[in-house]
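Let me begin by presenting the structure, written as structure tokens, before commenting on it.
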């Protein structure tokens with residue numbers, strides 16, 4: 001009987017929660033004129049998880065949306081495969097290990113647009129309706145954001 | 001005792017079936033610790049982040065880059081502030097068990113570690129980690145063997161001359177690591193100073209918030225590899241498609257009680273590690289490590305007598321050194337899939353005598369492994385039930401210690417971790433039950 005209770009308890013805990021509805025597409029962006037036109041999802045993930053990633057002769061410097069922003073949770077889920085709590089745990093653990101700190105989190109999409117446009121090595125992401133002429137969209141795994149199969153979006 | 005294998009089997013069965021579940025968004029956390037950690041040195045950015053409406057667009061011309069600590073001219077981007085942070089833990093532990101076990105229970109004020117991190121330029125970086133301790137108060141001299149020391153505990157209580165000679169108990173500090181990194185390239189970073197030995201998983205996780213259980217397996221805490229070394233470390237990594245390959249190479253003073261400041265035997269120790277990471281149904285990592293060098297111990301007691309010589313109780317107690325050559329090897333594997341976390345390590349240590357003085361600890365093999373499984377749920381404070389099994393053969397080979405552990409790790413916020421853990425330990429005695437049972441609860445936080 002106790003064994004049955006244990007099984008039921010774990011099954012209840014493990015029951016998946018329902019995923020959210022479709023959101024706005026998030027476009028990975030760099031400064032206009034950059035040689036970076038496409039990046040693999042794996043490299044993008046490593047870049048935003050603190051590993052040093054070079055593209056076009058430059059070491060990329062990632063910038064995140066603020067932790068509360070829907071852009072951040074959408075990007076973390078689609079690219080890093082992590083929930084908000086998992087991302088927090090990941091960075092806290094890295095700091096305890098003495099490894100590099102999290103990418104800077106910017107307070108707004110306007111900050112993201114300006115910083116990425118200004119710094120040639122910066123890479124970030126924005127909702128599709130926040131793109132500016134100074135920014136260059138980057139395809140992910142060769143899939144441009146205009147493709148219907150592009151799947152990086154807010155939750 | 002017999003419930004642990006059942007719980008472990010249930011855990012594995014359930015986690016295997018749920019590992020393929022659809023990822024789901026988590027409930028919003030109580031605090032944005034990630035953002036705070038990312039911007040710890042930038043109060044202005046934090047204030048702006050709090051004031052900003054999430055997702056709201058601001059006119060780009062109003063964005064002040066200098067308020068974020070960035071060079072508005074578009075120069076290098078790096079955080080040059082001195083970042084100070086740390087972690088602390090406190091526990092309650094009870095142990096009891098077989099006929100030879102000592103029954104005791106205690107509250108324990110454990111680790112209090114402070115980090116100091118600073119980047120001087122995008123390539124130059126400094127990190128120090130200092131542990132504040134009550135030790136040597138209450139601690140006995142290390143006898144070089146596992147288990148409780150037979151030496152009397154130290155009492156550091158003194159009269160505080162600055163406070164009317166009231167009793168004051170002092171403690172010490174331990175410099176866990178202090179080094180400078182120079183990142184020549186993603187393929188090569190040169191590290192100089194006192195650093196944690198790059199081997200396995202647990203020794204790198206290092207701090208109580210990052211490790212899942214309340215304490216490390218014996219094969220880690222008994223330092224089959226040196227926990228830290230002083231010298232040079234070269235490391236780097238490369239992405240090959242979606243795969244990552246990394247390496248570490250170390251050149252150091254080797255193992256000794258004074259290794260941060262002296263190489264007693266004037267022989268460098270060499271070590272290295274290769275690791276591979278692949279996005280196979282989540283993240284799969286595997287690594288192999290090796291270390292070799294001469295270790296020199298300093299002991300203050302009567303030197304060992306030649307074989308067959310009668311004991312001499314009047315022999316003077318003097319400091320003397322003895323050495324051994326060690327060869328250590330390790331392999332580790334880790335797989336994360338959603339909330340499922342599996343890891344295992346095997347460590348082998350062998351030593352041979354070096355020099356004229358041979359002690360019972362100068363030779364032999366010390367080896368063991370552990371296998372760990374856990375699953376992080378996204379509810380009930382992000383609870384992770386976990387279990388691990390360890391087998392350890394200490395130096396001498398006469399005893400094989402087996403241990404099964406199970407518990408829960410709660411993470412209500414990324415910076416706060418609660419643990420409850422039960423351990424059954426068998427050390428080869430003839431008694432039917434475990435030789436020792438340990439129940440531990442631990443609260444740890446990052447600040």
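Residue numbers (our numbering), protein chains in the order written: chain A, 1 to 155; chain B, 1 to 447.
Just so you know, even glycine gets a beta-carbon here, dropped at the ideal spot from N, CA and C.
It should be emphasised that the depicted structure is a prediction, and the values quoted were computed from it without experimental measurement.
- prompt: Relative to the C-alpha of residue 234/B, which residue among 287/B, 191/B and 420/B is closest?
  reply: The option with the nearest alpha carbon to residue 234/B is 191/B.
- request: For the stretch 95-126 of chain B, enumerate the residues whose C-beta is nearer than 9 Å to any C-beta of chain A, in chain order.
  value: Cβ contacts with chain A: 113, 115, 117, 122 and 125.
message: Does the CB of residue 207/B have a neighbour CB from chain A at under 8 Å?
response: Yes, because at least one Cβ of chain A sits closer than 8 Å to the Cβ of residue 207/B.
- prompt: Can the beta-carbon of residue 442/B be found less than 8 Å from the beta-carbon of residue 214/B?
  reply: At the C-beta level, residue 442/B and residue 214/B come within 8 Å of one another.
query: Any beta-carbon of chain A closer than 8 Å to the one on residue 349/B?
result: With 8 Å as the cut-off, residue 349/B does not count as an interface residue toward chain A.
query: Just curious, the alpha helix (DSSP H) that residue 84/A is in, first and last residue?
result: Looking at the DSSP string, the run of the alpha helix (DSSP H) that includes residue 84/A is 84-97.
- prompt: Just the Cα atoms here: how many angstroms apart are residue 404/B and residue 369/B?
  reply: Put simply, the backbone Cα of residue 404/B is about 12 Å away from that of residue 369/B.
query: Along the chain, where does the beta strand (DSSP E) that runs through residue 73/A open and close?
result: In the DSSP assignment, residue 73/A falls outside any beta strand (DSSP E) and lies within the alpha helix (DSSP H) extending over 70-75.
field: Residues that DSSP places opposite residue 267/B in a beta bridge
entry: DSSP lists no partner for residue 267/B.
- prompt: Got a sec: is the Cβ-Cβ distance from residue 361/B to anything in chain A below 8 Å?
  reply: Cβ-Cβ to chain A under 8 Å: no for residue 361/B.
- request: Check whether the Cβ atoms of residue 122/A and residue 30/A sit closer than 8 Å, and answer yes or no.
  value: The answer is yes: Cβ separation under 8 Å.
- prompt: Which residues, in chain order, does the stretch 92-103 of chain A contribute to contact with chain B at a C-beta distance below 7 Å?
  reply: Taken in chain order, the members of the stretch 92-103 of chain A whose beta-carbon sits within less than 7 Å of a beta-carbon on chain B are 92, 93, 95, 96, 97, 98, 101, 102 and 103.
query: By Cβ distance below 6 Å, which residues in the same chain neighbour residue 274/B in space, the five residues on each side in sequence not counted?
result: Only 247 and 288 meet the Cβ criterion.
- prompt: What is the DSSP secondary structure of residue 149/A, counted as helix, strand or coil?
  reply: In the structure shown, residue 149/A sits in coil (DSSP, three-state: anything other than H, G, I, E or B).
- request: Out of 171/B, 159/B, 129/B and 124/B, point me to the one whose CA is closest to residue 139/B's CA.
  value: It is 171/B.
field: Pick from 155/B, 177/B, 180/B and 163/B that is closest to residue 169/B, judged by C-alpha positions
entry: Of the candidates 155/B, 177/B, 180/B and 163/B, the residue whose Cα lies closest to the Cα of residue 169/B is 155/B.
message: Measuring straight from C-alpha to C-alpha, what distance separates residue 104/A and residue 82/B?
response: Between residue 104/A and residue 82/B, the alpha-carbon positions lie close to 15 Å from each other.
- request: Would you verify that the beta carbon of residue 43/A is, or is not, closer than 8 Å to some beta carbon of chain B?
  value: Taking 8 Å as the CB threshold, residue 43/A lines the interface with chain B.
message: For a contact defined as C-beta to C-beta under 8 Å, what are the partners of residue 239/B on chain A?
response: Neighbours of residue 239/B in chain A, taken as residues at a C-beta separation under 8 Å, are given in chain order as 42, 43, 46, 51 and 53.
- request: For residue 438/B, name the three-state secondary structure that DSSP assigns.
  value: In the structure shown, residue 438/B sits in a strand (DSSP, three-state: E or B).
- request: Only counting runs of 3 or more residues, tell me where the beta strand (DSSP E) segments fall wholly within the stretch 206-242 of chain B, in order along the chain.
  value: Qualifying beta strand (DSSP E) stretches, in chain order: 228-240.
message: For residue 50/A and residue 101/A, I'd like the C-alpha separation in whole angstroms.
response: Cα-Cα distance, rounded: 7 Å.
task: Tell me, please, whether the CB atom of residue 59/A is closer than 8 Å to any CB atom in chain B?
output: The beta carbon of residue 59/A falls within 8 Å of a beta carbon belonging to chain B, placing the residue at that interface.
Residues of the stretch 204-229 of chain B whose Cβ lies closer than 7 Å to any Cβ of chain A, in chain order: Within the stretch 204-229 of chain B, those residues whose Cβ lies closer than 7 Å to any Cβ of chain A are, in chain order, 204, 205, 206, 207, 209 and 210.
- prompt: Assuming residue 107/A contacts residue 66/A under a Cβ cut-off of 8 Å, what Cβ separation, rounded to an integer in Å, is found between them?
  reply: The beta-carbon separation of residue 107/A and residue 66/A, rounded to 6 Å, stays under the 8 Å limit for a contact.
- prompt: For residue 368/B, does the three-state DSSP call read helix, strand or coil?
  reply: Reduced to three states, the DSSP call for residue 368/B is strand.
- prompt: Who are the Cβ neighbours of residue 327/B in its own chain at under 6 Å, not counting the five residues just before and after it?
  reply: In chain order, 292 and 350 place their CB closer than 6 Å to the CB of residue 327/B, counting only its own chain and leaving out the 5 sequence neighbours on each side.
field: Residues near residue 126/B by beta carbon distance below 6 Å, same chain, minus five either side
entry: Excluding residues within five positions, the ones whose Cβ falls inside 6 Å are 118 and 180.
query: Between the Cα of residue 315/B and the Cα atoms of 372/B, 321/B and 301/B, which residue gives the shortest distance?
result: When each option's Cα is compared against that of residue 315/B, the closest is 301/B.
message: Please report the distance separating the alpha-carbon of residue 264/B from that of residue 296/B.
response: For residue 264/B and residue 296/B, the distance between alpha carbons rounds to 7 Å.
field: Residue burial classification, residue 444/B (beta-carbon count within 10 angstroms, cutoff 16)
entry: Counting the other CB atoms within 10 Å of its CB gives residue 444/B a total of 16 or more, which places it among the buried residues.
message: If I measure Cβ to Cβ from residue 23/B and keep anything under 8 Å in the same chain, skipping five residues before and after, which residues do I get?
response: Note that residue 23/B scores 37 on pLDDT, short of 50, meaning its location in the model is unreliable; the coordinates nonetheless yield the value given after this. Within the same chain, and ignoring the five residues on either side of residue 23/B in sequence, the residues whose Cβ sits closer than 8 Å to its Cβ are 338.
- prompt: Would you say residue 140/A faces chain B, with C-beta separation under 8 Å as the test?
  reply: Using a Cβ-Cβ cut-off of 8 Å, residue 140/A does not count as an interface residue toward chain B, since no Cβ of chain B sits closer than that to its own.
- prompt: Got a sec: is the Cβ-Cβ distance from residue 34/B to anything in chain A below 8 Å?
  reply: Since pLDDT at residue 34/B reaches only 44, below the 50 mark, its modelled position is unreliable, and the value read off the structure follows with that caveat. Yes, contact with chain A.
message: Taking a contact to mean a Cβ-Cβ separation below 8 Å, would you say residue 250/B touches residue 186/B in this structure?
response: No, they are not a contact pair.
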